[in-house]
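Start counting the sequence shown at 5; every next residue gets the next number (my numbering).
Positions of the beta carbon are idealized from the N, C-alpha and C atoms, including for glycine.
Small disclaimer: the values here were computed from a predicted structure and weren't measured.
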Amino acid sequence: MQYVSSRGSAQALNFEDVTLAGLASDGGLYLPESWPLFSSQEIAALAGLSYVETAVRVMMPFVAGSLSEAELRDLCTQAYGRFSHQAVTPLVQLDHRHWLLELFHGPTLAFKDVALQLLGLLFEKFLSNSDRHLTIVGATSGDTGSAAIDAVAGRDKIDIFMLHPDGRVSDVQRRQMTTVRAPNVYNIAVDGSFDDAQALVKRMFNDREFSSRFSLSAVNSINWARLMAQVVYYFYAAVRLGAPDRPVAFSVPTGNFGDVFAGYVAAKMGLPVARLIVATNVNDILHRALSQGDYSQGKVTATATPSMDIQVSSNFERLLFDLGGRDGKAMAAQMHGFEATRAMRLSNAQREGAAKLFSSARIDADDMSIAMRWANDAAGQVIDPHSAVGLAAARASDLDPAIPMVTLATAHPAKFPDAVERSTGVRPPLPARISNLFDREERYAKLPATMEAVSAYIAERATPRD
Ligand SMILES: *Cc1c(COP(=O)(O)O)cnc(C)c1O
């Protein structure tokens, strides 16, 4: 499989190179040059397969040419063997039509483990074929940082430097990063906001000399391999609810449009997806874009769902490119316009194309809280605030009730105990595997939010290219 950039001018790459590259050199995002199509028989044949076998079938067309089926199976077995549930992503029934797809049984309790556990292994595998070394640098507001650190801790030829805003992530989130003991893991608390940390990371990537000296690499959801790994659970869930004979709808708590874009890919591959609901909190750029064609950046408001407090959704570009007839030149012009003015209109083709599959909803704090209480009352399920945003949107949908409605449960409630307790009166305990999190020793550096301080810290510890 070859991958093309959404902005049309970067070179096409194979799966191995697209995994290591992250962003395309023209500033675009990589997509497969065409969507592999599964027949009804092929989808029906997924019934009864384990998660790992489903993953091998669904991902094989995307990795062809870079991994053999046996290699892919070996990586999936390792990655998903670390989940605490045999089904990896189990379905839980809430009432006659609503289901939860629990994506939080990985090591760091958020759905990001599903993709990052595999990505860590892919990095190691592809680096083992070369003498390259990678330096992962990222900024996190919580979940990505711990999932990425867990995925690469102790791996050869990779160092990871993760910046978080000092005092502005939850204690559970910080400890999940800072108590990891591995010689290649460096946590940095910067004296500033998440935006300050993110801006520092961007400047390091834009510093070509620094970036190439240390082979900087990114682990955020612009990386195609992350999206690919997320396509699997749409198939896994839909087949269990009757696909290919019965269509299934999904409601997805959305920030950077990565998780829900994976649902779009599944639909493109032939899975009968009746609808994809894009559920946002009050940071609603995607809801405005899908309902009115208005993609304009607002101010970020802090909410009980910090992983969705985003006002620019990187992966939306992938959808617009695919819906707009894959015209890289036009996409580059549209995105440059957005970058200059922080606003753009969707074209008619983009709006009409999106409306065939997507709907959207903006969920405020009250509706989120009501959904959390309903899940507890109706089915004894204590759910996290992000999942509750998805469930609120699912329950507000006017879709035919004969179609099963699956809400993606993106985090374990114990990651956000205060918000859960405020809404339900229940304080969710940490799962046994990390119940000693608060006894473990933390290790991290505290640095001022300046380029000089952070780049000097990294340069002293990272492995330069020789
Ligand atoms: C990252 C995250 C999201 C948003 O996912 P996107 O792929 O960015 O849309 C939702 N919920 C939780 C718990 C997350 O960690």
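Query, Result
"Could you tell me the alpha carbon to alpha carbon distance between N287 and V430, rounded to whole angstroms?", "27 angstroms"
"Whole angstroms is fine: what's the gap from I192's alpha carbon to G26's?", "22 angstroms"
"Looking at ligand 1, does it come within less than 7 angstroms of D154, judged from the CB to the closest heavy atom?", "no"
"Quick one: residues with CB closer than 5 angstroms to any heavy atom of ligand 1, in chain order, please.", "A114, D147, P257, T258, G259, N260, G262, D263, S311, H390, T414, A415"
"What does the alpha-carbon distance come out to for the pair A114 and S317?", "19 angstroms"
"In whole angstroms, what separates the C-alpha of F130 from that of G124?", "10 angstroms"
"Taking C80 as the reference, give the member of P94, L95, V62, V96 with the closest Cα.", "V62"
"Given this structure, state the Cα-to-Cα distance separating S132 from L71, to the nearest angstrom.", "13 angstroms"
"At which residue ranges does the segment 355–419 contain complete alpha helix (DSSP H) runs of 4 or more residues, listed in the order of the chain?", "369–383, 389–400"
"Helix, strand or coil for A449 per DSSP?", "strand"
"Kindly indicate the opening and closing residues of the beta strand (DSSP E) around F165.", "162–169"
"Going by DSSP, which residues form a beta bridge with P36?", "Y7"
"What residues in its chain sit with their C-beta under 8 angstroms from that of D313, if we drop five residues either side in the sequence?", "S145, G259, N285, N287, V304, T305, A306, T307"
"Determine the DSSP secondary structure at T93, reduced to helix, strand or coil.", "coil"
"Assign Q354 to buried or exposed, taking buried as 16 or more other Cβ atoms, counted over all protein chains shown, within 10 Å of its Cβ.", "buried"
"Tell me, please, which residues DSSP counts as bridged to N191.", "M166"
"Quick check: the Cα distance between L95 and E106, rounded to an integer number of angstroms?", "6 angstroms"
"Going by DSSP in three states, T58 sits in which element: helix, strand or coil?", "helix"
"How would you write the range of the beta strand (DSSP E) that A253 sits in, first residue to last?", "252–257"
"Taking 8 angstroms as the cut-off, decide whether the C-beta atoms of W103 and M376 are in contact.", "no"
"Return the chain-ordered list of same chain residues with a C-beta closer than 6 angstroms to the C-beta of G158, the five sequence neighbours on each side being excluded.", "A186"
"Which residues in the same chain have their Cβ closer than 8 angstroms to the Cβ of L327, if we skip the five residues on either side of it in sequence?", "A353, Q354, G357, A358"
"Under 8 angstroms, do A415 and F19 count as touching if we go by C-beta distance?", "no"
"Assign L41 to buried or exposed, taking buried as 16 or more other Cβ atoms, counted over all protein chains shown, within 10 Å of its Cβ.", "exposed"
"So which of V156, T112, S197, S43 has the shortest CA-CA distance to L451?", "S197"
"For H100, which of A266, A155, L245, I438 has the nearest alpha-carbon?", "L245"
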